[in-house]
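Numbering (the numbering used here), first residue to last: -16 to 97.
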């Protein structure tokens, strides 16, 4: 499996990982960090899974599709949590939710393409 075939998905995963890491960092700066603990946890988990998925795709791994299915699930969970806070005016959560939704879609397409 050529990694070039999945460049869009790799790019979406990398962008999502960056957005999730940024969101977690910004959440830690908010006044009520405890209220954001689930968001922070999902941000960190999603970023780790996205980085792993991008790495496996770039290697042309036979496990890419399997991990991309998991990545899509993690991205959806993170997006749902971030959307709760986006409605409270937290722009970093809004941006993260959008990146997660894009990544979930790209990962689902990639996983069904192989």
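Backbone N, C-alpha and C define an ideal beta-carbon position, used for all residues, glycine too.
### Of the residues 79, 47 and 60, the one placed nearest residue 94, counting alpha carbons only
In the chain shown, residue 94 corresponds to position 111, counting from 1. That would be 47, whose Cα lies nearest to the Cα of residue 94.
### Query
Would residue 91 pass as a contact of residue 62 if the rule is Cβ separation under 7 Å?
The residue labelled residue 91 in the question sits at position 108 within the chain shown. The residue labelled residue 62 in the question sits at position 79 within the chain shown. No, the pair does not count as a contact, with Cβ atoms beyond the cut-off.
### Message
Suppose contacts are defined by Cβ-Cβ distances below 7 Å. Is residue 36 in contact with residue 50 by that definition?
### Response
To locate residue 36, count along the chain shown from 1; it is residue 53. To locate residue 50, count along the chain shown from 1; it is residue 67. Yes.
#### Entry: Reduced DSSP category for residue 2 - H, G, I as helix; E, B as strand; rest coil
The residue you call residue 2 lines up with position 19 of the chain shown. DSSP places residue 2 in helix when its eight states are reduced to three.
### Query
What is the DSSP secondary structure of residue -3, reduced to helix, strand or coil?
For this step, residue -3 is matched to residue 14 along the chain shown. Residue -3: helix per DSSP, three-state reduction.
#### Entry: residue 70 - DSSP class collapsed to helix/strand/coil
By one-based count along the chain shown, residue 70 stands at place 87. Three-state DSSP puts residue 70 in coil, outside helix and strand.
### Query
Whose C-beta lies closer than 7 Å to the C-beta of residue 40 among residues of the same chain, with five residues either side of it excluded?
Position 57 of the chain shown, counted from the start, is the residue given in the question as residue 40. Around residue 40: -14, -11, -8, -7 and 47.
### Task
Determine the direct distance from the alpha carbon of residue 85 to that of residue 2, and round the result to whole angstroms.
Counted from its first residue, the chain shown places residue 2 at position 19. Counted from its first residue, the chain shown places residue 85 at position 102. Roughly 12 Å between the two C-alpha positions.
### Query
So, does the CB of residue -11 fall closer than 7 Å to a CB anywhere in chain B?
Absent from the structure is chain B; it holds one protein chain and no more.
### Task
Have a look at 60, 88, 89 and 65 and flag the residue whose alpha-carbon is nearest the alpha-carbon of residue 9.
Translated into the one-based positions of the chain shown, residue 9 becomes position 26. Among 60, 88, 89 and 65, the Cα nearest to that of residue 9 is on 65.
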